[in-house]
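A.B. asks:
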Amino acid sequence: MALTATPITPRFGAEISGLDLSKPLSEEALAELIDAMNTWGVCVLRGTGFNNETHVAFSRSLGHLETAPAVKNRPRRHPDTPEIFDASNLTPAGEILVDENMVLHKKGDRLWHTDSSFMELRSAYSLLLAYEVPKKGGLTYFADMRSAYEDLPAEIREIIKTHKAEHSLWYSRLLAGFPITEEEIDERPKALQPMIMPQEATGRTAIYIGSHAMDVVGMPRDEGRALIKYLIEFATQPQYTFGVTYEPGDLVIWDNLTTMHRGGDFDLFNERRDMRRTTVREGDAPEHADDPFTAYFAASTPTN
341 MALTATPITP RFGAEISGLD LSKPLSEEAL AELIDAMNTW GVCVLRGTGF
391 NNETHVAFSR SLGHLETAPA VKNRPRRHPD TPEIFDASNL TPAGEILVDE
441 NMVLHKKGDR LWHTDSSFME LRSAYSLLLA YEVPKKGGLT YFADMRSAYE
491 DLPAEIREII KTHKAEHSLW YSRLLAGFPI TEEEIDERPK ALQPMIMPQE
541 ATGRTAIYIG SHAMDVVGMP RDEGRALIKY LIEFATQPQY TFGVTYEPGD
591 LVIWDNLTTM HRGGDFDLFN ERRDMRRTTV REGDAPEHAD DPFTAYFAAS
641 TPTN
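Converting from the sequence shown to this note's numbering requires adding 340 to each position, the first position being numbered 1.
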């Protein structure tokens with residue numbers, strides 16, 4: 341049975357059927373899935389039946405998987421599958437999270453962003469699997485950064501073609517209310533990223549920006565941030581966005597190099613939302629094992 345893509349919007353997002361997910365994908369099926377991702381940017385697979393292990397195995401067919409960071413005094417929720425990034429509102433013990441700092445840290449995920457743009461090693465695909473979903477809310481919203489780029493005023497396209505932006509995880513956390521100062525952020529690691537992302541497979545170009553972006557190189561801070569704000573607001577107009585609702589077992593794959601996304605609101609202190617993500621690094625697998633996220637968080641830890 342061949343893959344079938346049912347568009348969610350005319351140019352962006354599709355629901356995928358016709359894949360046999362009970363076994364590893366054939367080369368032909370994998371090629372069809374990659375082609376669908378190139379075309380639609382976001383693909384939704386319903387009722388996968390995946391668990392942590394099969395989620396990881398399926399994701400690995402798309403490329404090298406990142407390892408979730410090992411953060412001091414914060415054990416992983418899924419130690420047997422370190423490729424699983426926890427995107428839930430739960431503690432490692434499976435209880436609803438109430439720690440104020442952690443709640444504020446995770447609140448940054450509700451701002452428009454692209455995963456890992458604060459890392460020099462960019463993420464390509466993210467694969468988010470639903471385990472438990474709230475009765476109301478908890479959607480994931482996506483923005484089509486290719487169509488937005490194509491519709492930008494020509495003078496703005498010319499500016500972002502030749503500029504880069506500095507990205508910091510901690511800047512998006514500041515915007516979401518996390519207790520950190522700009523001075524502290526300036527002392528922590530940042531990544532320099534282009535403001536556009538050409539896509540060789542389609543010949544299209546995407547805006548590459550989001551709430552992690554804090555400065556535009558070569559512009560005064562206020563001017564650069566005004567440009568970043570403009571780009572995010574332009575790309576998140578209704579004609580470029582849609583939201584995905586979940587049932588347990590549903591999987592969403594998105595291309596971080598051509599989309600932005602954000603988590604939707606829900607009653608996070610009274611409803612469980614257990615979502616787990618794998619992340620495929622852009623480019624080829626490294627020659628030697630590495631753990632850049634753990635290194636990033638270690639370098640972000642104050643020494644005094």
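Built from N, CA and C at the ideal position, the CB exists for glycine as well.
Would you mind sorting Pro471 into buried or exposed? The rule is 16 or more other CB atoms within 10 Å of its CB.
C.D. replies: Strictly speaking, residue 471 in this sequence is Tyr, with Pro absent from that position. Answer is buried; the Cβ neighbour count reaches 16.
A.B. asks: Just list the alpha helix (DSSP H) runs in the region 386-460, keeping only unbroken ones of 4 residues or longer that don't cross its boundaries, in chain order.
C.D. replies: Qualifying alpha helix (DSSP H) stretches, in chain order: 392-400, 440-447.
A.B. asks: Under 8 Å by Cβ, that's how I've got Ala505 and Met535 pegged, so tell me the actual separation to the nearest angstrom.
C.D. replies: The pair is a contact, with the Cβ atoms about 6 Å apart (cut-off 8 Å).
A.B. asks: Looking at the strands, I want to know which residues DSSP matches up with Leu468.
C.D. replies: BP columns for Leu468 point to Val592, Arg617.
A.B. asks: Thinking C-alpha only, which one of Val384, Asp455, Arg450 is nearest Arg621?
C.D. replies: Cα-wise, what sits closest to Arg621 is Asp455.
A.B. asks: Since Phe574 is in the alpha helix (DSSP H), which residue starts that stretch and which ends it?
C.D. replies: Segment 561-575, the alpha helix (DSSP H) holding Phe574.
A.B. asks: Locate the alpha helix (DSSP H) running through Arg462, then write down its first and last residues.
C.D. replies: Element bounds for Arg462: n/a, residue is neither H nor E.
A.B. asks: Trp452 to Glu627, Cα distance in whole Å?
C.D. replies: Cα to Cα, the separation comes out at about 33 Å.
A.B. asks: Taking Leu359 as the reference, which of Leu461, Leu343, Thr431, Glu423 has the closest Cα?
C.D. replies: The shortest Cα separation from Leu359 among Leu461, Leu343, Thr431, Glu423 belongs to Leu343.
A.B. asks: When burial is assigned at 16 or more other CB atoms within 10 Å of the CB, is Lys446 buried or exposed?
C.D. replies: Burial call: buried.
A.B. asks: How would you label Gln533, buried or exposed, when you count the other beta carbons within 10 angstroms and need 16 or more for buried?
C.D. replies: Buried is the call here.
A.B. asks: Identify, in the order they occur along the chain, each residue of the same chain with its Cβ nearer than 6 Å to the Cβ of Tyr586, setting aside the five sequence neighbours on each side.
C.D. replies: Hits under 6 Å: Ala470, Val473.
A.B. asks: Along the chain, where does the beta strand (DSSP E) that runs through Glu506 open and close?
C.D. replies: It spans 504-507 - the beta strand (DSSP E) in which Glu506 sits, taken as one unbroken run.
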